[in-house]
Structures are given as structure tokens and as C-alpha cells.
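Colleague:
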Amino acid sequence: MLDVRILGEVAYEEAQTLMKDLQQQRIEGTIPDTLLILSHPEVVTVGPRARNDGIQPPADYPTVAVDRGGGLTWHGPGQVVGYPVVKWGDRKGEASVADVIHIIEGWLIETLATFGVVGVRDERMQGVWVNGRKVCSIGLSFLRWVSRHGFSVNLNTPVGRVEGVAGCGLAADTTTSLCALGHDIHPEDFVQALLPVVHRTLGPTSENR
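This is the structure:
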């Protein structure tokens, strides 16, 4: 059973605390696999790679340091964020972190296809790309093979904001939104298309709002 929690807009620091609490509970076996679906007020998360390289977004972006893989990732309005707090390794094809990322990329590619959007993987960086532009980011951390952090999908983000961040070591403007590429997808419609796809990997879902 997968517990899906649809939370609306949540401050990043609050979501970070919730993820850590749920991860510990999942390790202890007191909760099932859990998927948080939410959005954040604008913030750029700064991963270890960016900190080590001294990379920062422009000064007008709020930031928070995080422990997931990768560099800079923009979050904000018009984006769907998913945090799978999941115990991996019990199902076929989950032998490595790369396998898990491949699975999550597959969820997003399949979901985009339901709207007639062709999403692909790109050897430059994990995530999902449309017409050579990155529209979905993925960054995870693990403890005892239970994941924290997750993915973000840029649907209808404010013009120029996600494009202004050199996400995960890429040139600025490589990352964009589906709306900027001519695809108008409502966040709630995206989530409702995503959940059956996730269900096929992780089992039946119970939805809580």
C-alpha cells in the first residue's frame, strides 16, 4: 500500500522536517511507503555539489541548503513536487540508486505521454527533458535504502524564474517549464495522471488531502 498525501503549498523547511520524520518512521516499519505531493513558495535548494563548487543562484532568489544529490534546483509556483518516502530494493529492478532514478524518470515520462508530450532521458543529467530542455528534476538521498527528497515538474512557472537558475551544473535557461514550450497542463490534472503510473510500481494507493 502506498499512502499518498496531497498537501498543497508547504514551506520548504516544513516539508524537510516532515520528510525526515516520515523517513525514520518508514525505516522503523510503522508507516507504509508514502508519497508527498505538494508545491513550495519560491526557493532554490542548494545541494552539496553546488556548495562545494561555490555555485549560488542570483541574489534575488531565496535559498536553503539540502542534503540530496545534485546542485541547484528551483522550486516555486506552477510546479508539482513529489517526495517518495519509499523503502526500495524489495521489487525487481531496484538494485541501485541509478535504478530508482530510472524508475522515477519513467513515471514522469509516462505521465507526460498521457498529455501528448514526449519526454525523454538525457545523458547530460538525470531528470526528464522535452525538446532539449529540462522540465523535470530528480534528486534523492537515502538512509537504510529508504528515500527522501524526490522530483519536481515545471508546469506553469513564473516567466524567467526557473530559467534564471543554472540548475544542477547546467547552463542557465536549459531548464524551463512545459508552459514555455507550449504545453498547458494543470497541476491537479498532472497529479491525477501520475498516481496510476506510480501505483503500478509501488502498489495500491490511498489518497489523503
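Take the sequence shown: its letter number 59 is residue 63 in the working numbering, and every next letter is one higher. Built from N, CA and C at the ideal position, the CB exists for glycine as well.
(1) Could you tell me if the beta carbon of Val124 falls within a distance shorter than 7 Å of some heavy atom in the ligand COA?
(2) Looking at C-alpha atoms only, which residue of Pro62, Val70, Gly51 is the closest neighbour of Ala19?
(3) Cβ of Val90 within 8 Å of Cβ of His44?
(4) Thinking just about the alpha-carbon of each residue, which of Arg148, Gly136, Gln60 is nearest to the one in Val122?
(5) Excluding the 5 residues preceding and the 5 following Asn212 in the sequence, name in chain order all residues of the same chain whose CB lies nearer than 8 Å to its CB.
(6) Taking the alpha carbon of Leu198 as the reference point, which residue from Glu114, Phe155, Gly154, Leu174 has its own alpha carbon closest?
(7) According to the Cβ coordinates, are Gly154 and Pro52 closer than 8 Å?
(8) With which residues is Ala184 paired in a DSSP beta bridge?
(9) Using the three-state DSSP reduction, which class does Leu159 fall into: helix, strand or coil?
(10) Taking CB distances under 8 Å as the criterion, tell me whether Val68 reaches chain E.
(11) Going by alpha carbons, who is nearest to Val47 out of Thr77, Met5, Thr21?
(12) For the beta strand (DSSP E) holding Gln214, just list the boundary residues, first then last.
(13) By Cβ distance, which residues of its chain are closer than 8 Å to Ile105, with the 5 residues on each side in sequence left out?
Modeller: From the atom records:
(1) For the ligand COA, the structure offers nothing, since it holds no ligand at all.
(2) Position 15 of the sequence shown, counted from the start, is the residue given in the question as residue 19. Residue Val70 is the option with its Cα nearest to Ala19.
(3) Counted from its first residue, the sequence shown places residue 90 at position 86. Counted from its first residue, the sequence shown places residue 44 at position 40. Against a cut-off of 8 Å, the Cβ pair of His44 and Val90 comes out as no contact.
(4) By one-based count along the sequence shown, residue 122 stands at place 118. For the residues Arg148, Gly136, Gln60, the minimum Cα distance to Val122 belongs to Gly136.
(5) As a first step, residue 212 is located in the sequence shown; it is residue number 208 there, counting from the start. Counting only Cβ-Cβ distances below 8 Å, and skipping sequence neighbours, we find Asp7, Val8, Arg9, Ile10.
(6) Translated into positions along the sequence shown, residue 198 becomes position 194. Comparing Cα-Cα distances from Leu198 to each of Glu114, Phe155, Gly154, Leu174, the minimum goes to Glu114.
(7) As a first step, residue 154 must be located in the sequence shown, where it is residue number 150. As a first step, residue 52 must be located in the sequence shown, where it is residue number 48. No, the pair does not count as a contact, with Cβ atoms beyond the cut-off.
(8) Numbered from its first residue, the sequence shown carries residue 184 at position 180. None, per the DSSP bridge assignment.
(9) Against the sequence shown, residue 159 aligns to sequence position 155. Three-state result, Leu159: coil.
(10) This model lacks chain E altogether; it includes just one protein chain.
(11) The count along the sequence shown starts at 1 and reaches residue 47 at position 43. Of the listed residues, the one whose Cα sits closest to Val47 is Thr77.
(12) The structure shown does not extend to residue 214, since the chain spans only 5 to 213, so no value can be given for it.
(13) Along the sequence shown, read from residue 1 onward, the residue named residue 105 stands at position 101. So the qualifying residues of the chain are Gln130, Ile142, Leu144.
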